[in-house]
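K.L.:
Going left to right, the sequence shown walks through residues 166 to 550 as this note's numbering numbers them.
We treat Cβ as the ideally placed atom computed from N, Cα and C, and that holds for glycine.
Here it is, the structure in full.
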Amino acid sequence: LPIGGGVVVMLTRMKKILQIDLRNRMAVVEAGVPNIELGRALAGSGFHFAPDPSSQVASTLGGNVATNAGGPHTLKYGVTVNHVLGLEVVLGDGSIVQLGPVADPAGLDLVGVLVGSEGTLGIVTKIWVRLTPNPQEYRTLRAIFNTVDDATNAISDIIGAGIVPAAMELMDQGIIAAVEEAYQFGFPLDAGAIAVIEVDGLPAGLDEQQRRVDAICRKWRAREVLQAADAKEREKLWKCQKMSVGAVGRVSPSYCIQDGVVPRTRLPHILRRIGEIAQKHRVRIVNVAHAGDGNVHPILLFDERDRDEVRRVLAAGHDLLEECVACGGSVTAEHGIGVEKLAFMARQFAPADLAAMTRVREAFNPSRRLNPGKLIPEVDRDNLK
């Protein structure tokens, strides 16, 4: 989205997987490679690229780097920055620099600075990514709850018990209905929430982890806890979760998906507040969440032909993000700030913090040619202190 004109640089044709180096647990890819294509290229190798955003069919690895994308399995394995070893970057003056790849770099972590910078510091063209060994076994569970409160309390208790699942995902009743219409998985339409919980690792400990997860879910009144019977059923269950947002298109002509994060123990509160905000603005909101790390994705349903409804949706989205900040969270977990959330940066960060971010941008991009007007509110150059 160019602000005030400019040139849009497209990297979608840079889609080569340049090298897969299993010996060093590393792959080298161009920025336009879709996330899922790297996964397909690694099939059968015993390794995978851990960040798996729900948009992985379409989102590119360069885009994942730009927004520091997450996904269901980031609870245990970490977000994109934890799996990037090196970057090739074009700076605003046209120079090309390579940062990394080395396992334990000396000096400042410039790769960490670039990941999540949304194109404001440089144009990432090549990425060295870390490959993760596949777990020996999985246990993928589907827990059905009568209320969202019960589901979120169970999720918090699982972490509190010292269990770190690979993923814990949540779908509320509205999403369940859309997914069931789209994929006929057999979800009960009267359920208040469904949690998808996956533990993985060495076979020896998984049965005990599964037993403890099952017990905690039943403590919070789960009416059913089922295990995926085989790899095919596990794949279908994850497909339903990852394509849940797309399924919303069956129940609404338009939708707006928000992206916020709160401390995990505040999940019951934020989901209750989302319901209150929906009532206040007379907007229908359904929810899917990477609940294990507090990442909520409220989906606001509307008809863009109705101007009053559009106004109410925007107001509701604003209130949602304000509540995330009030809970001690953030207005974005993985989708980035861009332009839409720029005004919230001053609510989330002190002036000194924003000035420090601006100085970093000035060091990489003094001409401000790269993605101007994004991520960081403009600050007067003469007052940078």
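#1: Q444: buried (16+ other C-beta within 10 angstroms of its C-beta) or exposed?
#2: For the candidate residues G366, Y348, W293, T312, whose alpha-carbon lies nearest to that of A192?
#3: Measure the C-alpha to C-alpha separation of V475 and S260 and round it to an integer number of angstroms.
#4: What is the rounded straight-line gap between the Cα of N233 and the Cα of K241?
#5: Hey, quick one: how far does the alpha helix (DSSP H) through N318 stretch, first residue to last?
#6: Can you check which of these residues, T239, L203, E400, is closest to A223 by C-alpha distance?
#7: Does the stretch 353–366 come into contact with the stretch 279–292, if we say contact requires no fewer than three beta-carbon pairs (one atom in each stretch) closer than 8 Å?
#8: Can you tell me which of the three DSSP states Q221 falls into?
#9: Hey, S419 and V453 are a contact pair by Cβ (cut 8 Å); roughly how many whole angstroms apart?
#10: Are the beta-carbon atoms belonging to K539 and G503 less than 9 Å from one another?
#11: Given that a residue counts as buried once 16 or more other Cβ atoms are within 10 Å of its Cβ, and exposed if not, what is D372?
#12: What are the uninterrupted segments assigned as beta strand (DSSP E) that are 3 or more residues long and contained completely in the stretch 234–312, given in chain order?
#13: By Cβ distance, which residues of its chain are closer than 7 Å to R512, with the 5 residues on each side in sequence left out?
#14: Any heavy atom of the ligand PLP closer than 8 Å to the CB of R188?
#15: In angstroms with no decimal places, state the Cα-to-Cα distance between N189 and Q338.
#16: Assuming the contact rule is C-beta atoms closer than 8 Å, L432 and T297 should be a hit. Round their C-beta distance to whole Å, please.
#17: Just verifying my parser: in three-state terms, what is the DSSP assignment at Q349?
#18: In terms of alpha-carbon separation, which member of P270, M333, A515, A508 lies closest to Q406?
#19: Should G370 go down as buried or exposed, given a rule of 16 or more other Cβ atoms within 10 Å for buried?
#20: Could you say which of I320, L279, Q301 lies nearest to D428 if we only look at CA atoms?
#21: Closest by CA to F212, which one among I201, P218, L187, R477?
#22: Would you call the stretch 298–312 and the stretch 349–362 in contact, with 3 or more CB pairs under 8 Å?
#23: Which stretch, first to last residue, makes up the beta strand (DSSP E) that contains L176?
#24: From this set, M522, Q349, V451, Q392, which residue's C-alpha is nearest L335's C-alpha?
#25: Helix, strand or coil, according to DSSP, for H462 in the structure here?
#26: Tell me, please, whether the stretch 263–272 touches the stretch 524–540 by the rule of three or more beta-carbon pairs shorter than 8 Å.
#27: Cα-Cα, which of V172, V448, T225, G209 is closest to G197?
#28: Report the CB separation of R376 from D315 in whole angstroms; it is logged as a contact under 8 Å.
#29: Only counting runs of 4 or more residues, tell me where the alpha helix (DSSP H) segments fall wholly within the stretch 479–544, in order along the chain.
#30: Starting from the Cα of L250, find the closest Cα among L279, G235, G228 and give me that residue.
#31: Looking only at its own chain, which residues have a Cβ that is under 7 Å from the Cβ of M179, when we skip the five neighbours before and after it?
P.N.:
So, to answer that:
#1: Within the sequence shown, numbered from 1, the residue matching residue 444 stands at position 279. Burial call: exposed.
#2: The count along the sequence shown starts at 1 and reaches residue 192 at position 27. If we check each option's Cα against that of A192, W293 comes out closest.
#3: The residue given as residue 475 occupies position 310 in the sequence shown. The residue given as residue 260 occupies position 95 in the sequence shown. The alpha-carbon atoms of V475 and S260 are separated by roughly 43 Å.
#4: On the sequence shown, position 68 is the one that residue 233 refers to. On the sequence shown, position 76 is the one that residue 241 refers to. Cα to Cα, the separation comes out at about 16 Å.
#5: Counting from one through the sequence shown, the residue named residue 318 turns up at place 153. Annotation: the continuous alpha helix (DSSP H) that includes N318 extends over 313–325.
#6: The residue labelled residue 223 in the question sits at position 58 within the sequence shown. Nearest of T239, L203, E400 to A223, Cα basis: L203.
#7: With a cut-off of 8 Å, the stretch 279–292 and the stretch 353–366 do not count as touching, because too few Cβ pairs lie within range.
#8: Stepping through the sequence shown from its first residue, residue 221 is reached at position 56. In the three-state DSSP reduction, Q221 falls in the coil class, being neither helix nor strand.
#9: The residue you call residue 419 lines up with position 254 of the sequence shown. The residue you call residue 453 lines up with position 288 of the sequence shown. Actually they do not touch by this definition, with Cβ atoms about 17 Å apart.
#10: Here residue 539 is taken as the residue at index 374 of the sequence shown, counted from 1. Here residue 503 is taken as the residue at index 338 of the sequence shown, counted from 1. G503 is positioned such that its CB atom lies closer than 9 Å to that of K539.
#11: The sequence position of residue 372 within the sequence shown is 207, counting from 1. Under this definition D372 is an exposed residue.
#12: 249–255, 261–264, 288–295, 302–310
#13: One-based indexing of the sequence shown puts residue 512 at position 347. Hits under 7 Å: V490.
#14: This structure does not include the ligand PLP; it has no bound ligands of any sort.
#15: Here residue 189 refers to the residue found at position 24 when the sequence shown is read from its first residue. Here residue 338 refers to the residue found at position 173 when the sequence shown is read from its first residue. Going by the C-alpha atoms only, they are around 44 Å apart.
#16: Against the sequence shown, residue 432 aligns to sequence position 267. Against the sequence shown, residue 297 aligns to sequence position 132. In fact, because the Cβ distance is near 27 Å, the residues do not count as touching under 8 Å.
#17: Here the question's residue 349 lines up with position 184 in the sequence shown. DSSP places Q349 in coil when its eight states are reduced to three.
#18: Start at 1 with the first residue of the sequence shown, and residue 406 comes out as number 241. Per the Cα distances, M333.
#19: Residue 370 sits at position 205 when you count from the first residue of the sequence shown. Exposed.
#20: Counted from its first residue, the sequence shown places residue 428 at position 263. Before going on, a small fix: residue 428 reads as Pro here, not Asp. Looking at the Cα atoms, I320 is the closest of the given residues.
#21: Taking the first residue of the sequence shown as position 1, residue 212 is located at position 47. Nearest to F212 by C-alpha distance, out of I201, P218, L187, R477, is L187.
#22: yes
#23: By one-based count along the sequence shown, residue 176 stands at place 11. Unbroken run through L176: none, as it is neither H nor E.
#24: Here residue 335 is taken as the residue at index 170 of the sequence shown, counted from 1. Comparing Cα-Cα distances from L335 to each of M522, Q349, V451, Q392, the minimum goes to V451.
#25: Along the sequence shown, read from residue 1 onward, the residue named residue 462 stands at position 297. Of the three classes helix, strand and coil, the one that applies to H462 here is strand, per DSSP.
#26: no
#27: Here residue 197 refers to the residue found at position 32 of the sequence shown. Closest by alpha carbon: T225.
#28: As a position in the sequence shown, residue 376 is number 211, starting the count at 1. As a position in the sequence shown, residue 315 is number 150, starting the count at 1. The Cβ separation is near 19 Å, so there is no contact.
#29: 510–513, 516–529
#30: Position 85 of the sequence shown, counting from 1, holds the residue named residue 250. Of the candidates L279, G235, G228, the one whose C-alpha sits nearest the C-alpha of L250 is L279.
#31: Position 14 of the sequence shown holds residue 179. Contacts found: E195, A196, G197, T290.
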